[in-house]
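Here is the structure we will look at, set down as structure tokens.
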Amino acid sequence: MALRNIVVEGAPILRKSCRPVDEVNDRIQMILDDMVDTMRDAMGVGLAAPQIGIMRRMFVAEPEPGEVYYFVNPEIISLEGEQESTEGCLSVPGMQGKVMRPEKIVIKGLDREGNEQQYTFEGFHAIVMCHEFDHLEGVLYIDKADEVYRIEE
Ligand code: NI
Numbered sequence: 631m632a633l634r635n636i637v638v639e640g641a642p643i644l645r646k647s648c649r650p651v652d653e654v655n656d657r658i659q660m661i662l663d664d665m666v667d668t669m670r671d672a673m674g675v676g677l678a679a680p681q682i683g684i685m686r687r688m689f690v691a692e693p694e695p696g697e698v699y700y701f702v703n704p705e706i707i708s709l710e711g712e713q714e715s716t717e718g719c720l721s722v723p724g725m726q727g728k729v730m731r732p733e734k735i736v737i738k739g740l741d742r743e744g745n746e747q748q749y750t751f752e753g754f755h756a757i758v759m760c761h762e763f764d765h766l767e768g769v770l771y772i773d774k775a776d777e778v779y780r781i782e783e
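Offset between the sequence shown (1-based) and our numbering: plus 630.
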């Protein structure tokens, strides 16, 4: 297990578009595993590579305990409906905000083994995936939020 440092808002690296992963090799798998460890240690439900300073298109998510998803070179291929979510981000500590997100998405990409996968997600799962996907484009939830407020930590 290896924990990586989480980059916080204000760092230019969080505002850049990430490059695709060329190949899911041992190094990429090690980074993905470190991302899961780092996400869990920080009690998050998702973590994108730029949040640990790696400008590649990949993220991990655990919307329910024990239900871990790995997405390498993800693409959201359809969006449907709308829902309001209350979000926080490990890169924006101590804050929350209300954001509109699609109710349902179809997302595809490679998994941890480099195999093609495609999922349809609704509700909270869709929120988490959209939030993490945005990180790969240098977008933070605070850019989309109507209101952002401080919470007790
Ligand atoms: Ni985030």
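Ideal placement from N, C-alpha and C gives every residue a C-beta, glycine not left out.
Starting from residue i, trace the alpha helix (DSSP H) both ways and give me its first and last residue.
i      : result
Gln659 : 656-671
Glu762 : 753-765
Lys774 : 771-774
Less than 7 Å between the CB of residue i and some heavy atom of the ligand NI, yes or no?
i      : result
Ser715 : no
Ser647 : no
Cys719 : yes
His755 : no
In three-state terms, what does DSSP make of residue i?
i      : result
Ile706 : strand
Ile781 : coil
Under the assumption that residue i contacts residue j (Cβ atoms under 8 Å), give the Cβ distance between them as a whole number of angstroms.
i      : j      : result
Val651 : Arg687 : 6 Å
Ile735 : Met685 : The Cβ separation is near 24 Å, so there is no contact.
Cys719 : Leu766 : No, Cys719 and Leu766 are not in contact; Cβ-Cβ is about 14 Å, not under 8 Å.
Determine which residues share a DSSP beta bridge with residue i and list them.
i      : result
Ser715 : Val729
In the DSSP assignment, the beta strand (DSSP E) including residue i goes from what residue to what residue?
i      : result
Met688 : 688-694
Gly739 : 734-740
Ala678 : 676-678
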